[in-house]
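Converting from the sequence shown to the numbering used here requires adding 5 to each position, the first position being numbered 1.
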Amino acid sequence: MKYIKIFAPATVANVSCGFDSMGFAVDTVGDEMSFTKTVEKGVKITQITGANGLSLDPTKNAAGVVALAMLKKHPADFGIEISMHKGYSPGSGLGSSAASSGGAAFGINELLDRPFSTLELTKFAMLGEEAACGTPIADNVASAIFGGFVLIRSYEPLDIVKLPVPDELQLVAIHPQIEVKTKDAREVLPKDVPLKDAITQWANVGGLVSGLYTNDYQLIANSLTDVIVEPARKHLIPHFDLVKNEAIKAGALGAGISGSGPTIFALCKGEEAAANVYKAIQNAYSDKNIDFNLFTSKINTQGVKILETK
Ligand code: HSE
6 MKYIKIFAPA
16 TVANVSCGFD
26 SMGFAVDTVG
36 DEMSFTKTVE
46 KGVKITQITG
56 ANGLSLDPTK
66 NAAGVVALAM
76 LKKHPADFGI
86 EISMHKGYSP
96 GSGLGSSAAS
106 SGGAAFGINE
116 LLDRPFSTLE
126 LTKFAMLGEE
136 AACGTPIADN
146 VASAIFGGFV
156 LIRSYEPLDI
166 VKLPVPDELQ
176 LVAIHPQIEV
186 KTKDAREVLP
196 KDVPLKDAIT
206 QWANVGGLVS
216 GLYTNDYQLI
226 ANSLTDVIVE
236 PARKHLIPHF
246 DLVKNEAIKA
256 GALGAGISGS
266 GPTIFALCKG
276 EEAAANVYKA
286 IQNAYSDKNI
296 DFNLFTSKIN
306 TQGVKILETK
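Here it is in structure tokens:
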């Protein structure tokens, strides 16, 4: 294989109760990335379209950092050229750097003839997250690479559990066109958590995982609650409470901040509920003088997808 083109999905991290430990992949929104073997060794980023302000310097770009680390661990007698089209903007809360990092890990592994396991790819991709936001968080990258819902059961050692996706689950997400940097959104997090809140939170993670395994939509709805991170961050997102309340009133199972925001996600049972929630969110935001992108999608169960090889 000399060339591979892939789709790297957007991701929703945290899923309300699972801060830094849960996430899922989006089916219809993501980046396209191409990787080409070159005679000249090293990593070159030739083009980034669809987003502004991303560096072409591989030591400063999430995908480049991942590529360099992989080639260091597994030296090759060729170089790699990367080009990418970002399907959505960085700072959206939809795992933009994770799509680049996870996509790079996956694509380069294919060009190298798959020396690395999916778990090892996630570890490489975490280096890209660290370069992009200062912390090697796994929830977005693991969701992008594994697909479906994931649970980061442990960071040290890294242990990822791929969770099932109930068939009728649908995502509706609104991305107000403002940027929230993950680094800034992590600075407002509480340093200490009252035991009572911790109990609520880990009980909800258990409920959500159980609901996903048993297709229990009511249990999923009951568990989409975040008493720790959402209260600390929601002021960063204009009209968060309004959108959340309207989504739930219109039939969403639950709604919350996607990753570190500003995207707000809602999970719904079935396409009809998703269409109603879409309309309710659109109405709620239409007179707010803030541009927004609104979309609905199934959950991606496959992770990174191969679009073309040569
Ligand atoms: N779990 C992370 C956070 C995701 O909420 O800060 C952001 O990339």
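Glycine included, C-beta positions come from ideal geometry on N, C-alpha and C.
Query                                                                                               : Result
Buried or exposed (CB count within 10 angstroms, at least 16 for buried), Gly58                     : exposed
heavy atom of ligand 1 below 7 Å from Asn145 C-beta                                                 : yes
Enclosing alpha helix (DSSP H) for Leu73 [first to last residue]                                    : Ala67 to Lys78
Rounded Cβ spacing between Val146 and Ala130 (contact assumed at less than 8 Å)                     : 4 Å
Bridge partner(s) assigned by DSSP for Gln175                                                       : Cys273 and Lys303
DSSP bridge partner residues for Pro14 (one or two, in chain order)                                 : Gly35
Paired residues, beta bridge with Lys42 - DSSP                                                      : Ile85
C-alpha gap between Asn305 and Val198, whole angstroms                                              : 33 Å
The segment 235-251 touching the segment 262-277, judged by at least three CB pairs closer than 8 Å : yes
Closest by C-alpha distance to Phe151, when choosing among Glu173, Lys310 and Ile183                : Lys310
Near ligand 1: Asn209 beta-carbon under 7 Å from a heavy atom                                       : no
Nearest neighbour of Leu73, chosen from Lys46, Thr33 and Gly55 [CA to CA]                           : Lys46
Beta-carbon spacing of Leu163, Leu217 below 8 Å                                                     : no
Below-8 Å beta-carbon distance, Lys167 vs any chain B residue                                       : Looking at the structure shown, chain B is missing, and only one protein chain is on hand.
Alpha helix (DSSP H) segment containing Phe24, residue limits                                       : Unbroken run through Phe24: none, as it is neither H nor E.
Integer Cβ distance of Glu251 from Ala289, believed to fall under 8 Å                               : 4 Å
Strand pairing of His5, partner residues [DSSP]                                                     : Here the chain comprises residues numbered 6 to 315, so residue 5 is not present and cannot be evaluated.
Pairwise C-alpha distance: Ala143 and Lys91                                                         : 20 Å
Option in Thr205, Val193, His79 and Met89 with minimal Cα separation from Thr51                     : Met89
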